[in-house]
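Undergrad:
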Amino acid sequence: MKINFLGTGTSQGVPLIGCDCNVCKSIDAHDKRLRSSIFLQKDNFNLLIDPGPDFRQQMLRLGINHLETIFITHSHMDHIGGIDDIRSFNFIMKKAMDIYALKRDQDKIRQSHSYIFEKTPYPGIPQIEFHDINFNKITVGPFEVDNLRIWHHKMEIAGFRFNNFAYITDAKTIPQETLEKLKGVEYLVINALRKEPHISHLNLEEAFSYINIIKPKKTWLTHISHKMGLHKEISKELPENVFLAYDGLEIEV
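Here the numbering used here runs 1 ahead of the position in the sequence shown, where the first position is 1.
1. Of the residues Thr11, Asp44, Gly125, Asp51, which one's Cα is nearest the Cα of Gly142?
2. Using 8 Å as the Cβ pair cut-off and three pairs as the minimum, do the stretch 62 to 74 and the stretch 14 to 34 touch?
3. Around the Cβ of Ile18, are there at least 16 other Cβ atoms within 10 angstroms (buried) or fewer (exposed)?
4. Less than 6 Å between C-beta atoms, sequence neighbours within five positions excluded: which residues of the same chain meet that for Ile100?
5. Please tell me whether Thr9 and Ser27 are closer than 7 Å, where the distance is taken between their beta carbons.
6. What is the DSSP secondary structure of Tyr168, reduced to helix, strand or coil?
7. Out of curiosity, what's the CA-to-CA distance linking Val24 and Glu119?
8. Among Gly185, Ile134, Ile110, which residue has its Cα nearest to the Cα of Ile157?
9. Please work out which residues of its chain come closer than 7 Å, Cβ to Cβ, to His154, disregarding the five sequence neighbours upstream and downstream, and give them in chain order.
10. Looking only at DSSP bridge pairs, what is Lys26 linked to?
11. Look at Thr11 and Ser226 and say whether their C-beta atoms are less than 7 Å apart.
12. Drop a sphere of 10 angstroms on the beta-carbon of Ile50, count the other beta-carbons inside from all chains shown, and report buried for 16 or more, exposed for fewer.
13. Taking only the alpha-carbon atoms, compute the straight-line gap between His80 and His232 and give it to the nearest angstrom.
14. So for Ser38, helix, strand or coil by DSSP?
15. Could you have a look at Ala208 and say whether DSSP puts it in helix, strand or coil?
16. If we ignore side chains and look at the alpha-carbon of each, how far apart do Asn192 and Ile139 end up?
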């Protein structure tokens, strides 16, 4: 399975308009983070998690010409803001896009993108086929997906495990039942917003706490704010099996 980090930042990410901090002024490409999204490929089947506002740019940069399905962690706009650009894949693949999301998030998308779901829709709008996430294990194409319950402050959201790889973003709390599901994961992606505490996201210390419980072979940190600091400097502070992810990073597991 090949994995590409399309984006590793946040809407509080890098660079911020008008921000004069060292990270936002950095010329290091590792410090230029689009909104968090990840792309998985197996047996020529392409799966994306979270079509955020940078979705079109991310797809063009990677040169993706087909996309079979999309999973959504939750319906905050930095994770669904690119849904309109799904229409390009509708045109190429001549079918509706299969989107897996919690029922609550499906309803939110029906509100935020109401024009897609009108009884007499305008020609050329995105075509979507929703599928429910019920925190069960499912099979999608060649992927066996275990849907994980995560808490984003008081909001229930979804994380995903694909065999020996797990992707968790926007977590503040991981319940015990989910930690049980994560046993044996060898490769983990988990959010770490910054060093200072945050009401709805893990900070660096809290991310380390969960890494120590899950005990993967390797971990990549994502959903990184500009307040975390420079990639080059923070990387020196991390344990040898923990890495700051960056846009364009590609791994194979």
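Think of the CB as a built atom: it goes at the ideal place given N, C-alpha and C, for glycine as much as any other residue.
TA: Let me spell this out:
1. Asp44
2. no
3. exposed
4. Ile71, Ile129, Phe131
5. no
6. strand
7. 43 Å
8. Per the sequence shown, residue 157 should be read as Glu rather than Ile. The candidate whose alpha carbon is nearest that of Glu157 is Ile134.
9. Lys173, Ile200, Ser201
10. According to DSSP, which records beta bridges pairwise, Lys26 is partnered with nothing at all.
11. yes
12. buried
13. 23 Å
14. strand
15. helix
16. 24 Å
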